[in-house]
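The opening position of the sequence shown corresponds to residue 7 in the numbering used here, with each subsequent residue numbered one higher. Glycine included, each C-beta is placed from N, C-alpha and C at the ideal position. The model shown is predicted, which means the values in this text are computed figures rather than measured ones. Notes follow the structure.
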Amino acid sequence: MALPDWTVYLPVLCFASVCGGFYICRVFKCARISAWKNSPIAKLMARTEKPLFWIAYSLYTRTKLGYIFHKRQMRKARERYPAGHSRTQPTIINGIKIIPVPILSDNYSYVVIDTASNMAVVVDPADPQPDVGFSNIVQDHSGGNRALKRRYRSCRVYGNAMDNIPGLTHPLSDQDTIDFGTRLRFRAFYTPGHTVGHIIYLPDGRALGGPSSLFSGDLVFLSGCGRMFEGNASTMLSSLDTVGSLNDDTLLWPGHEYAEDNLLFAAEVEPCNVVQKQKLLWVLQQRGQRLCTCPSTLAEEKQYNPFLRSHSQDLHRALGLQQKQDEDWTSYRARVLEELRRRKDIYKDR
Numbered sequence: 007m008a009l010p011d012w013t014v015y016l017p018v019l020c021f022a023s024v025c026g027g028f029y030i031c032r033v034f035k036c037a038r039i040s041a042w043k044n045s046p047i048a049k050l051m052a053r054t055e056k057p058l059f060w061i062a063y064s065l066y067t068r069t070k071l072g073y074i075f076h077k078r079q080m081r082k083a084r085e086r087y088p089a090g091h092s093r094t095q096p097t098i099i100n101g102i103k104i105i106p107v108p109i110l111s112d113n114y115s116y117v118v119i120d121t122a123s124n125m126a127v128v129v130d131p132a133d134p135q136p137d138v139g140f141s142n143i144v145q146d147h148s149g150g151n152r153a154l155k156r157r158y159r160s161c162r163v164y165g166n167a168m169d170n171i172p173g174l175t176h177p178l179s180d181q182d183t184i185d186f187g188t189r190l191r192f193r194a195f196y197t198p199g200h201t202v203g204h205i206i207y208l209p210d211g212r213a214l215g216g217p218s219s220l221f222s223g224d225l226v227f228l229s230g231c232g233r234m235f236e237g238n239a240s241t242m243l244s245s246l247d248t249v250g251s252l253n254d255d256t257l258l259w260p261g262h263e264y265a266e267d268n269l270l271f272a273a274e275v276e277p278c279n280v281v282q283k284q285k286l287l288w289v290l291q292q293r294g295q296r297l298c299t300c301p302s303t304l305a306e307e308k309q310y311n312p313f314l315r316s317h318s319q320d321l322h323r324a325l326g327l328q329q330k331q332d333e334d335w336t337s338y339r340a341r342v343l344e345e346l347r348r349r350k351d352i353y354k355d356r
């Protein structure tokens, strides 16, 4: 697949009471853009300059024609994967249940349930079709948010104002927190680079007596990161450093199933990384049975994800890069990241 990381769908985060039918909706990603990565147009535009790509992308995500095409892509994905692209199992952390929900061709939504308070959070529901135990609460980009607000009068829509989110009621900034029930607290981190308004979410593990969980969207995947669509290497490096500053036991829940492709690329870039080789063998076993590969931990990612290892001298040697005499450390790491992303783009398109 030529363009998996270019999935630039504006996230939708919907919070729902399991028992009472009361929903609180958080716009985190948009469904329609999810199918963009699989389109012939995207593959063609990937080889053009950013302005031309942005024109095609905007037409796709903001027009009726793009909506029709997205519906076609969703239908094709359902026909190809009637039971979902992967088999998943819930992870339970002291009464908090996290359920990965496979949607489209390689996307993941996540249902986070506080079993004590019957409060649930649905992260990144890009397709309303899959049954996650609730009503079909997520609609498409062009009308989904407003439709939810019409259906559930108490619905609140959160998001970054820079993403022009339809029906936005609660704009979020970096480090804002959102509380749900008695134990669910999500912290928002502003992480531009892939898109200008990209945000990741971290439910606080301290209140749960366990590790935190990072819902990383299109910023970080298992052994990978998103393309620098609306940012440069310095911007993306700053966002990746935000992830790298989190506790090592943090669980990583990415927006896509890209593990196999990412690790195969990492093996080419850094062939002597033993931890990476072991992880690749495990991922190949999982994917051979169509099993989900998440979550990983940030401790693992820091050992084999090249995009979180721009500081590593082993990686510098593998890439054949050296710090210039007048180059500061941050600029050098940004150059390492830029070279990694360039090689990954070539790897994906060949």
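For residue j and residue i, believed in contact at Cβ under 8 angstroms, the rounded distance
i    : j    : result
F195 : T241 : Between T241 and F195 the Cβ distance is about 14 angstroms, and since that is not below 8 angstroms, they are no contact.
N238 : G203 : With 8 angstroms as the limit, N238 and G203 do not qualify as a contact, their Cβ atoms being about 16 angstroms apart.
R93  : L257 : In fact, because the Cβ distance is near 19 angstroms, the residues do not count as touching under 8 angstroms.
D254 : A305 : 4 angstroms
S123 : T183 : Not really, about 17 angstroms apart at Cβ, beyond 8 angstroms.
T299 : E263 : 7 angstroms
Nearest to residue i (by Cα), restricted to the options the options
i    : options                : result
P198 : S244, L314, G211       : S244
G294 : R78, Y353, K70, H91    : H91
N113 : R78, P260, H200        : P260
S111 : R189, R81, K308, I206  : R81
M125 : L220, R78, R191        : R191
N311 : G250, H200, I206       : G250
I109 : Y87, D224, N100, I99   : Y87
I206 : Q95, K103, F221        : F221
F313 : V280, Y338, R347, L178 : R347
P301 : M168, L71, P217, N100  : P217
D130 : Y164, R78, P177        : Y164
Q95  : I105, A89, A272        : I105
Beta bridge counterpart(s) of residue i as assigned by DSSP
i    : result
M234 : The partner list for M234 (beta bridge, DSSP) is empty, contrary to what the question assumes.
A194 : Y207
I105 : V117
V226 : C231
L220 : L258
G165 : P177
Coil, strand or helix - residue i by DSSP
i    : result
Y207 : strand
G294 : helix
H91  : coil
T183 : strand
A126 : strand
N100 : coil
Y264 : coil
T54  : Its pLDDT being 48, under 50, T54 is placed unreliably in this model, and the coordinates cannot settle the point.
P277 : coil
G215 : coil
T248 : helix
T201 : coil
L321 : helix
T303 : strand
V144 : Because the pLDDT of V144 is 25, which lies under 50, any placement of that residue in the model is unreliable, and the question is left without a value.
R349 : helix
P10  : In this prediction, P10 scores a pLDDT of 35, lower than 50, which makes its location untrustworthy; the coordinate-derived value is nonetheless stated afterwards. Three-state result, P10: helix.
I39  : Model confidence at I39 stands at a pLDDT of 43, short of 50, so the residue's coordinates are unreliable; what they give is reported in the following sentence. Of the three classes helix, strand and coil, the one that applies to I39 here is helix, per DSSP.
R84  : helix
T188 : coil
S316 : coil
L270 : helix
E344 : helix
L286 : helix
S377 : A question about residue 377 goes unanswered here, because the residues of the chain that appear run from 7 up to 356.
S111 : coil
L71  : helix
K354 : helix
Q79  : helix
Min CB distance residue i to chain C below 8 angstroms
i    : result
M234 : This model lacks chain C altogether; it includes just one protein chain.
Taking 8 angstroms as the cut-off, does the stretch 204-218 touch the stretch 276-286 (at least 3 CB pairs, one atom from each stretch)? With the cut-off at 8 angstroms, the stretch 276-286 and the stretch 204-218 do not touch.
With a cut-off of 8 angstroms, do at least 3 Cβ pairs link the stretch 340-355 to the stretch 312-324? These segments touch.
Quick check: the stretch 111-124 against the stretch 271-281, are at least 3 beta-carbon pairs closer than 8 angstroms? Output reads no: the stretch 111-124 does not touch the stretch 271-281.
Using 8 angstroms as the cut-off, can you tell me whether the stretch 265-272 makes contact with the stretch 222-237, which would need three or more C-beta pairs spanning the two stretches below that distance? Yes, the stretch 265-272 is in contact with the stretch 222-237.
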